[in-house]
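For reference, each letter of the sequence shown is one residue, going 1 to 71 in this note's numbering.
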Amino acid sequence: MPTDRVERFLAALDPDHREAVGAWPREEQERLAAAWTRELEADDELDTLDELSPAAAEAEAARRVLERGTG
Numbered sequence: 001m002p003t004d005r006v007e008r009f010l011a012a013l014d015p016d017h018r019e020a021v022g023a024w025p026r027e028e029q030e031r032l033a034a035a036w037t038r039e040l041e042a043d044d045e046l047d048t049l050d051e052l053s054p055a056a057a058e059a060e061a062a063r064r065v066l067e068r069g070t071g
């Protein structure tokens with residue numbers, strides 16, 4: 001499991017988005033990874049999902065952050 005926050009964020013993305021975001025500047029990746037971490041910490045709904053499936057919670061948080069960050 002990746003330990004770097006950006007690596008963990010990229011791993012939580014679906015393959016197509018992972019490739020696209022992986023090509024972005026590191027600064028933008030770090031900004032999104034920080035938002036992803038905040039999303040995971042702040043959303044109670046994700047806490048519940050995390051208890052059932054940590055990977056699903058991380059993927060959902062990544063999807064939300066990417067949607068907001070690029071939309």
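We treat Cβ as the ideally placed atom computed from N, Cα and C, and that holds for glycine. Fair warning: this is a prediction, and the values are worked out from it, not measured in the lab.
Residue nearest to E7 in terms of C-alpha spacing, selected from D16, L52 and E30: E30
If we call anything under 9 Å between Cβ atoms a contact, is L46 one with E60? Taking 9 Å as the Cβ cut-off, L46 and E60 qualify as a contacting pair.
Is E39 near D50, with beta carbons less than 9 Å apart? no
Applying the 10 Å Cβ sphere with the 16-neighbour rule, what's the burial state of W94? No information on residue 94 is available, as it lies outside the stretch 1 to 71 that the chain covers here.
Status (buried if at least 16 other CB within 10 Å, exposed otherwise) for A33: buried
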